[in-house]
Amino acid sequence: MRGLVIKNTGSWYTVKTEDGKTIDSKIKGNFRLKGIRSTNPVAVGDYVIITPNQEGTAFITEIEDRRNYIIRKSPNLSKQSHIIAANIDQAFLIVTVNYPETSTTFIDRFLAGAEAYRVPVTLVFNKHDLLSEDELRYQHAVMNLYETIGYQCVEVQASAEPADEFSVEKMKPLLAGKVTLLSGNSGVGKSTIINALLPHANLRTADISDAHNTGMHTTTFSEMLELPMGGYLIDTPGIKGFGTFDIEREELTSYFREIFKFSKDCKFSNCTHTHEPGCAVRKAIEEHYIAESRYNSYLSMLEDKEENKYREAF
Numbered sequence: 006m007r008g009l010v011i012k013n014t015g016s017w018y019t020v021k022t023e024d025g026k027t028i029d030s031k032i033k034g035n036f037r038l039k040g041i042r043s044t045n046p047v048a049v050g051d052y053v054i055i056t057p058n059q060e061g062t063a064f065i066t067e068i069e070d071r072r073n074y075i076i077r078k079s080p081n082l083s084k085q086s087h088i089i090a091a092n093i094d095q096a097f098l099i100v101t102v103n104y105p106e107t108s109t110t111f112i113d114r115f116l117a118g119a120e121a122y123r124v125p126v127t128l129v130f131n132k133h134d135l136l137s138e139d140e141l142r143y144q145h146a147v148m149n150l151y152e153t154i155g156y157q158c159v160e161v162q163a164s165a166e167p168a169d170e171f172s173v174e175k176m177k178p179l180l181a182g183k184v185t186l187l188s189g190n191s192g193v194g195k196s197t198i199i200n201a202l203l204p205h206a207n208l209r210t211a212d213i214s215d216a217h218n219t220g221m222h223t224t225t226f227s228e229m230l231e232l233p234m235g236g237y238l239i240d241t242p243g244i245k246g247f248g249t250f251d252i253e254r255e256e257l258t259s260y261f262r263e264i265f266k267f268s269k270d271c272k273f274s275n276c277t278h279t280h281e282p283g284c285a286v287r288k289a290i291e292e293h294y295i296a297e298s299r300y301n302s303y304l305s306m307l308e309d310k311e312e313n314k315y316r317e318a319f
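Going by our numbering, the sequence shown opens with residue 6, and the numbers climb by one from there.
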């Protein structure tokens with residue numbers, strides 16, 4: 006039987022079969038994917054072949070080839086990766102400029118990771134109602150930066166009434182008929198947004214920890230939620246950091262769209278945009294065609310690659 010993995014709770018997977026039934030399934034034996042050292046060989050969004058057994062559960066015996074996936078370093082400090090979701094049409098990164106603050110470095114790492122696996126990203130700026138005038142000005146500047154690079158940005162307030170201009174209703178046409186990964190730091194309001202889009206989902210939400218202005222994890226596993234307008238939302242646990250994985254140093258430039266654009270004019274084809282003479286990228290930064298925050302994110306990822314560092318606690 007063929008099915009779609011719609012939930013992963015550790016060792017068990019919920020598989021939705023083609024006739025619409027769900028069946029709890031386990032991986033049969035020592036099942037490893039070739040080429041990917043991953044802590045989770047099967048991910049939400051995977052299409053699998055299952056063999057039902059007498060207990061009313063099933064074994065996953067085969068995984069179909071993935072169209073794409075989003076991957077990050079495993080939360081434990083091993084050199085393994087963790088596949089967040091597979092076969093997705095787009096990702097929506099929920100961002101908050103405060104309560105808690107999403108750093109531009111985090112945004113850029115997520116965007117570069119998505120570019121690497123050809124997943125389009127929309128940035129959703131939440132908690133509009135909590136921001137001061139200065140914070141709103143900053144938010145609009147950040148939105149302007151990413152829109153200029155070519156990323157769609159949406160401003161919402163998860164708790165707003167449907168008629169409000171910042172209501173999540175404006176997200177619905179963007180989600181219809183697509184498989185969308187919803188991601189972001191803990192505390193940015195993912196669960197509140199999902200509850201507003203899907204009132205029957207009834208996901209747990211938690212208050213922001215005042216001491217550190219950081220979010221607390223409320224989602225502990227990934228799950229695909231069916232949307233009434235067609236398509237799925239993939240809810241994922243809040244991510245504290247987004248370490249890149251499997252991105253080669255030479256490729257990194259091409260995952261920053263505007264850096265890639267200017268890099269074609271560099272004197273050397275293998276320019277790292279750090280010290281070389283005739284670097285068109287550094288010239289573009291001086292002339293404000295490339296934002297310094299983006300360049301700093303690029304350098305931080307380059308440093309990751311140099312040190313091959315898996316020390317950070319993600």
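For glycine and all other residues, C-beta sits at the position ideal for the given N, C-alpha and C.
Keep in mind it's a predicted model, so treat the numbers as computed, not measured.
First through last residue of the beta strand (DSSP E) which encompasses residue i
i       : result
Ala-96  : 95-100
Asn-13  : 7-13
Gly-236 : 236-240
Ser-188 : 183-188
Val-53  : 52-57
Lys-31  : 27-32
Thr-66  : 63-68
Run of the alpha helix (DSSP H) containing residue i, from where it starts to where it stops
i       : result
Ser-268 : 262-268
Val-147 : 138-154
Pro-125 : Counting along the chain, Pro-125 falls outside any alpha helix (DSSP H), and DSSP gives it neither H nor E.
Glu-256 : 254-257
Lys-177 : 177-180
Length of the line joining the Cα atoms of residue i and residue j
i       : j       : result
Pro-282 : Pro-178 : 47 Å
Gly-118 : Ile-76  : 8 Å
Glu-253 : Met-306 : 10 Å
Thr-27  : Asp-70  : 21 Å
Glu-67  : His-133 : 45 Å
Thr-153 : Lys-175 : 21 Å
Leu-257 : Glu-308 : 11 Å
Ala-206 : Cys-158 : 25 Å
Asp-139 : Thr-127 : 24 Å
Tyr-143 : Glu-166 : 25 Å
Asn-73  : Pro-105 : 30 Å
His-275 : Arg-114 : Residue identity differs from the one stated: residue 275 is Asn in this sequence, not His. Each residue's alpha carbon lies about 22 Å from the other.
Met-229 : Asp-24  : 17 Å
Phe-261 : Thr-109 : 13 Å
Val-124 : Glu-170 : 28 Å
Leu-180 : Asn-13  : 22 Å
Ala-285 : Gly-8   : 49 Å
Ile-65  : Pro-233 : 28 Å
Gly-189 : Thr-277 : 29 Å
DSSP bridge partner residues for residue i (one or two, in chain order)
i       : result
Cys-284 : Its beta-bridge partners do not exist; DSSP assigns none.
Pro-204 : Answer is none; Pro-204 lacks a bridge partner.
Ile-295 : Bridge partners of Ile-295: none, in fact.
Val-159 : Val-129
Thr-22  : Gly-8
Glu-228 : Lys-12, Asp-240
Ala-91  : Tyr-74
Cβ-based neighbour list, residue i, same chain, cut-off 8 Å, excluding 5 preceding and 5 following
i       : result
Tyr-294 : Glu-263, Phe-267
Met-148 : Leu-128, Phe-130, Cys-158, Glu-160
Proximal residues to residue i (C-beta, below 7 Å), its chain only, five neighbours per side dropped
i       : result
Ile-290 : Glu-297, Tyr-300
Asp-212 : Confidence is the limiting factor: at Asp-212 the pLDDT is only 46, short of 50, which leaves the residue's position unreliable and the question unanswerable from this model.
Own chain residues within Cβ distance below 6 Å of residue i, not counting five before or after
i       : result
Thr-62  : Asp-29
Thr-185 : Gln-95, Phe-97, Leu-238
Ala-201 : Ala-163, Val-173
Ala-91  : Ala-48, Gly-50, Asp-51, Arg-71, Tyr-74
Thr-224 : In this predicted model, Thr-224 has a pLDDT of only 44, less than 50, meaning its place in the structure is not dependable enough to derive any value.
ask   = If we count Cβ pairs, one from each stretch, closer than 8 Å, do we get three or more for the segment 43-63 versus the segment 9-18?
value = yes
Discussion item. Whether or not the segment 188-198 and the segment 236-243 are in contact is what I'm after, with contact meaning three or more pairs of Cβ atoms, one per stretch, closer than 8 Å; do they touch?
Written reply: yes
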